[in-house]
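The structure appears right after this line, and notes come after that.
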Amino acid sequence: MNSIDFCTCADHDCPMHPTKHDKGCTPCIEKNLRFGEIPSCFFNAVKGEEKLTSYYFEDFAKLVMGKLD
Ligand code: SF4
-6 MNSIDFCTCA
4 DHDCPMHPTK
14 HDKGCTPCIE
24 KNLRFGEIPS
34 CFFNAVKGEE
44 KLTSYYFEDF
54 AKLVMGKLD
């Protein structure tokens, strides 16, 4: 059971995943900010069937711009 109903992150082994603690999105966002990444829920909202290997700001920008073409 996911403690954040809207979280679509499939990495259930990640210690920041909301099922691993009671701090909601805070650990995930803190980690993403520290590494220059965007949380996977944002990618999942726009990526469709695309497979992704990295989640940096630039990857998200490219993904969104590709969907707008
Ligand atoms: S910010 Fe992280 S923990 Fe919160 S919904 Fe998105 S992927 Fe899940």
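The numbers in the numbering used here rise by one with no breaks, and the one at position 5 of the sequence shown is -2. Just so it is clear, CB atoms sit at the ideal spot from N, CA and C, and this is done for glycine as well.
Check your understanding: Quick one: what's got a C-beta closer than 7 angstroms to LYS60's C-beta in the same chain, skipping five residues either side?
Key -> Within the sequence shown, numbered from 1, the residue matching residue 60 stands at position 67. The residues are VAL39.
Point to revise | Range of the contiguous alpha helix (DSSP H) that encloses SER33 | key: As a working note, residue 33 is residue 40 in the sequence shown. Run containing SER33: 33 to 40, per the alpha helix (DSSP H) assignment.
Review point. For GLU30, does the count of other Cβ atoms within 10 angstroms reach 16, so buried, or fall short, so exposed?
Key: Locating residue 30 in the sequence shown gives position 37, where the first residue counts as 1. When all chains shown are included, GLU30 counts as buried.
Check your understanding: Tell me which same chain residues have a C-beta within less than 8 angstroms of the C-beta of GLY17, skipping the five on either side of it?
Key -> Your numbering for residue 17 matches position 24 in the sequence shown. Excluding residues within five positions, the ones whose Cβ falls inside 8 angstroms are SER(-4), ILE(-3), PRO11.
Check your understanding: Cβ-heavy atom distance between CYS34 and the ligand SF4 below 6 angstroms?
Key -> The count along the sequence shown starts at 1 and reaches residue 34 at position 41. Checking the Cβ of CYS34 against the ligand SF4 gives yes.
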